[in-house]
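Asks: To convert, note that position 342 of the sequence shown is 585 in UniProt numbering; the numbers rise steadily by one, no gaps. Virtual Cβ for every residue (Gly too), placed ideally from N, Cα, C.
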Amino acid sequence: DKGNHRHFMEKEIYEQPEVISHALGHYVNFIDNRVLPVSEVIDFAEVPSLAISACGTAYLAGLVGKYWFERYARLPVEIDVASEFRYREIPLTPQSAALFISQSGETADTLASLRYCKEHGLKIGAVVNTRESTIARESDAVFPIFAGPEIGVASTKAFTCQLAVLAALAIAAGKARGTISDAEEQAMVRSLAEMPRLMGQVLNSIQPKIEFLSRELSKCRDVLYLGRGTSFPLAMEGALKLKEISYIHAEGYAAGELKHGPIALIDENMPVIVIAPHDRFFDKTVSNMQEVAARGGRIILITDEKGAAASTLDTMHTLVLPSVDEIVAPMIFSLPVQLLAYHTAVHMGTDVDQPRNLAKSVTVE
Ligand code: M6R
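#1: If you check the beta carbons only, do H521 and D547 fall under 7 Å apart?
#2: Alpha carbon to alpha carbon, how far is L446 from L562?
#3: Can we count V595 as close to ligand 1, meaning its CB is less than 6 Å from some heavy atom?
#4: Taking the alpha carbon of F328 as the reference point, which residue from S339, G348, T300, C360 has its own alpha carbon closest?
#5: Would the beta-carbon of G268 be found less than 6 Å away from any heavy atom of ligand 1?
#6: Once DSSP output is grouped into helix, strand and coil, what is the label at L564?
#7: What did DSSP end up calling H492 once you bin it into helix, strand or coil?
#8: Flag this pair as yes or no: are the beta carbons of A266 and I394 separated by less than 7 Å?
#9: Taking only heavy atoms of ligand 1 into account, decide whether any of them is closer than 6 Å to the Cβ of T353.
#10: Please state the DSSP three-state secondary structure of E289.
#11: Please return the same chain residues whose Cβ sits closer than 7 Å to the Cβ of T593, not counting the five positions on each side in sequence.
#12: Can the beta-carbon of K309 be found closer than 7 Å to that of V324?
#13: Helix, strand or coil: how does DSSP classify N600 here?
#14: Evaluate R471 with the Cβ neighbour count: other Cβ atoms within 10 Å of its Cβ, from every protein chain shown; 16 or more gives buried, anything less gives exposed.
#15: Less than 7 Å between the beta carbons of L441 and P565, yes or no?
#16: How would you call F455, buried or exposed, if buried means at least 16 neighbouring beta carbons within 10 angstroms?
#17: Please classify T587 as buried or exposed, where buried requires at least 16 neighbouring CB atoms within 10 angstroms.
#18: Among the candidates G268, R538, Y315, V278, whose CA atom is the shortest distance from the CA of G417?
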């Protein structure tokens, strides 16, 4: 049932504040702002490294997770798309753990990567939406994302719920490894607790701007998304979402890679969507944007209040989100990224929930 939404995708985008809040409730204690003990099977204090593998959007959630596990838990992460991971003959140590991320829990390549790690003696964790799935069944520890059924082929609420669970796991790992203090843990959990309310606020306020921008995007043949740090996987997620449902060619790049190739494409016909919260990377990303502007590129800047105040750039449009803790930004910034793809596809009249050539669950390699 789509309720009063035109598509399941729209319904699922708007459900996010509610499902994330529900998901977080299983991983953190909002009374004392602490993470709950995660797993008896995977001892994050002891593992020398973590392997992460997944496909598509789940892989991009894993990539954000890598930044978090490495930064907050000082835990080295090896990550790859499952179709490469399973054949790369990665040297793995049995003392390590592996995480597999999958909405459906049935993705063939992800399952094969899981079995590969199992054969090598690693402890297996699964971040899944479908708890009665093969991936969940074959794992030693299951970390459900509690997103509820996701019908739209383009993943939205599963992505942000995967992020929320990975954030909680990274904080828990940091606690276990002694790399974050009690005060840091509490500050991050408090930010996570505030997130669903902020998500609701963002969803209610950005609609008119998104509609306007989507009309512009629907006229384009190509779109470039840029970001640094955790905004880099988000740039790739934005591009993936746009191409899946609007069939517009889009690419996501690390902002610093711009001058190593893609800058050759910049002209007034290709909008550049820059995802840049006011974090440690903001100034560097702005200087990359200056290079785009100098070449006549049209910039759509997605930033926060602090970023908007600090930037003097001439943009085609600037979307301003609330300023939040770094660990919360990827979830908040997912919202405009998802809505831009959604409304562009609606303008173009494509089959949003069932885009051509795609299946919700990919059970062949
Ligand atoms: O069920 P899974 O999470 O394992 O699926 C992985 C990908 O097939 C999936 O995320 C795909 O990329 C989506 N269509 C993205 O919107």
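Replies: The answer reads as follows:
#1: By one-based count along the sequence shown, residue 521 stands at place 278. By one-based count along the sequence shown, residue 547 stands at place 304. Cβ distance < 7 Å, so H521 and D547 count as in contact.
#2: Working through the sequence shown from its first residue, we reach residue 446 at position 203. Working through the sequence shown from its first residue, we reach residue 562 at position 319. Cα to Cα, L446 sits roughly 12 Å from L562.
#3: Taking the sequence shown and counting its residues from 1, one reaches residue 595 at position 352. No; taking the cut-off as 6 Å, the Cβ of V595 has no heavy atom of ligand 1 nearer than that.
#4: Numbered from its first residue, the sequence shown carries residue 328 at position 85. Among S339, G348, T300, C360, the Cα nearest to that of F328 belongs to C360.
#5: As a working mapping, residue 268 is identified with position 25 in the sequence shown. Checking every heavy atom of ligand 1 against the Cβ of G268, none is found closer than 6 Å.
#6: Locating residue 564 in the sequence shown gives position 321, counting from the first residue. L564: strand per DSSP, three-state reduction.
#7: Within the sequence shown, the letter at position 249 stands for residue 492. Residue state, collapsed to three classes: strand.
#8: Locating residue 266 in the sequence shown gives position 23, counting from the first residue. Locating residue 394 in the sequence shown gives position 151, counting from the first residue. In this structure, I394 does not lie closer than 7 Å to A266 by Cβ.
#9: As a first step, residue 353 is located in the sequence shown; it is residue number 110 there, counting from the start. Yes, ligand 1 has a heavy atom inside 6 Å of this Cβ.
#10: Taking the first residue of the sequence shown as 1, we reach residue 289 at position 46. The answer is coil: DSSP assigns E289 none of H, G, I, E or B.
#11: Position 350 of the sequence shown holds residue 593. I488, S489, Y490, listed in sequence order.
#12: In the sequence shown, the residue the question calls residue 309 occupies position 66. In the sequence shown, the residue the question calls residue 324 occupies position 81. Result no, Cβ atoms of K309 and V324 do not sit closer than 7 Å.
#13: Position 357 of the sequence shown, counting from 1, holds the residue named residue 600. Note: N600 maps to coil in three-state DSSP.
#14: Locating residue 471 in the sequence shown gives position 228, counting from the first residue. Buried, since its Cβ has 16 or more Cβ neighbours within 10 Å.
#15: Within the sequence shown, the letter at position 198 stands for residue 441. Within the sequence shown, the letter at position 322 stands for residue 565. Yes, the Cβ-Cβ distance between L441 and P565 is below 7 Å.
#16: Locating residue 455 in the sequence shown gives position 212, counting from the first residue. By the neighbour-count rule (16 or more Cβ atoms within 10 Å), F455 is not buried but exposed.
#17: The residue you call residue 587 lines up with position 344 of the sequence shown. Buried: at least 16 other Cβ atoms inside 10 Å.
#18: Position 174 of the sequence shown holds residue 417. It is Y315.
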